[in-house]
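Asker: Here you go, one structure.
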Amino acid sequence: GIAELRRGDDATSIFARADAALYRAKKAGKGQMSAADDLGESFRR
1 GIAELRRGDD
11 ATSIFARADA
21 ALYRAKKAGK
31 GQMSAADDLG
41 ESFRR
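Structure below.
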């Protein structure tokens, strides 16, 4: 999963967003990637 570092982020918050994006990509199936966006949603490719 991919998460962009935001002003004020600490390690816990960025890893939580990246982890959530990772699990969304895993759930979407093989060959997927997912990135956390500003709305807490993700895109998949």
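In this text, residue positions in the sequence shown follow this note's numbering: the first is 1, and each later residue adds one. In this text, a Cβ means the ideal position worked out from N, Cα and C, and glycines have one as well. The structure presented is a predicted model; accordingly, all values stated were derived computationally and were not measured.
On the CB-based measure, 16 or more other CB atoms within 10 Å of its CB, does Ala3 come out buried or exposed?
Answerer: On the sequence shown, residue 3 is found 3 positions in, with the first residue counted as 1. Buried.
Asker: Return the Cβ separation of Ala36 and Gly8 in integer angstroms, given the expectation that the two are a contact with Cβ distance under 8 Å.
Answerer: Here residue 36 refers to the residue found at position 36 of the sequence shown. Here residue 8 refers to the residue found at position 8 of the sequence shown. Contact doesn't hold; Cβ gap of about 15 Å is too wide.
Asker: What number of angstroms, rounded off, separates the C-alpha of Ala25 from the C-alpha of Ser34?
Answerer: The sequence position of residue 25 within the sequence shown is 25, counting from 1. The sequence position of residue 34 within the sequence shown is 34, counting from 1. Going from the Cα of Ala25 to the Cα of Ser34 covers about 5 Å.
Asker: What is the residue span of the beta strand (DSSP E) that Ala35 lies within?
Answerer: Counting from one through the sequence shown, the residue named residue 35 turns up at place 35. Per DSSP, Ala35 belongs to the beta strand (DSSP E) from Ser34 to Ala36.
Asker: Under 7 Å, do Ile14 and Leu5 count as touching if we go by C-beta distance?
Answerer: Here residue 14 refers to the residue found at position 14 of the sequence shown. Here residue 5 refers to the residue found at position 5 of the sequence shown. Cβ distance < 7 Å, so Ile14 and Leu5 count as in contact.
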